[in-house]
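Each remark here refers to the structure printed beneath this line.
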């Protein structure tokens, strides 16, 4: 008689799980995430009227003084990258646990050089044995907002 009740127990258990899924889907899905072709069905969806504007990142010209020990300093015209780029952090799970950091969405955008050139700048060094030397300098031509790897360096400190 016990053998006949076991299939009913499994059926009742499945019906209870389906009822929990139907009534409290958020709690159920957080414990048992459903996947469809490798993509999680309960992923974060932003349904807001946020006006996302692209970041403004521009090169600003300045006079840079290049120095080398024992050499006469040289002034060159260079650019620096200045601007504000949008970044985003969408939490998922507990960020204090190591295994959930990779499930959290990061989009860290920085204002960085997009076109640059590494040049060898000739310098005159009267106080040295070799009077003519070169120093490598990065010349920035253009800047743009670009995504880079983000790090959660402050989570472990708390």
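Residue numbers (the UniProt record's numbering): 1 to 158.
Cβ coordinates follow ideal geometry from the N, Cα and C atoms, glycine included.
As the structure is a computational prediction, the values presented were derived from the model and not from experiment.
Straight-line gap, residue i to residue j (C-alpha atoms, nearest Å)
i, j, result
"residue 80", "residue 124", "26 Å"
"residue 130", "residue 70", "10 Å"
"residue 145", "residue 113", "9 Å"
"residue 109", "residue 120", "30 Å"
"residue 117", "residue 139", "5 Å"
Proximal residues to residue i (C-beta, below 7 Å), its chain only, five neighbours per side dropped
i, result
"residue 122", "132 and 134"
"residue 233", "An answer regarding residue 233 cannot be provided, because it is not within the stretch 1 to 158 covered by the chain."
"residue 82", "58, 60 and 111"
"residue 107", "87, 88 and 147"
"residue 115", "141 and 142"
"residue 56", "83 and 84"
Cutoff 8 Å; reference residue i; Cβ partners in own chain excluding five residues on either side
i, result
"residue 68", "123, 125, 133 and 135"
"residue 73", "65, 66 and 67"
"residue 128", "70 and 71"
Residues that residue i bridges to, as DSSP identifies them
i, result
"residue 134", "122"
"residue 83", "57"
"residue 75", "65"
"residue 146", "110"
"residue 229", "Nothing can be reported for residue 229: it is not among the residues displayed for the chain, which extend from 1 to 158."
Cβ neighbours of residue i in the same chain (closer than 6 Å, five flanking residues each side left out)
i, result
"residue 50", "Unreliable positioning characterises residue 50 in this predicted model, as indicated by a pLDDT of 45, which lies under 50. The coordinate reading is nonetheless provided below. Closer than 6 Å at the Cβ level, and outside the excluded window around residue 50, lies no residue."
8 Å Cβ cutoff, residue i in contact with chain D
i, result
"residue 119", "This model lacks chain D altogether, as it is built from one protein chain only."
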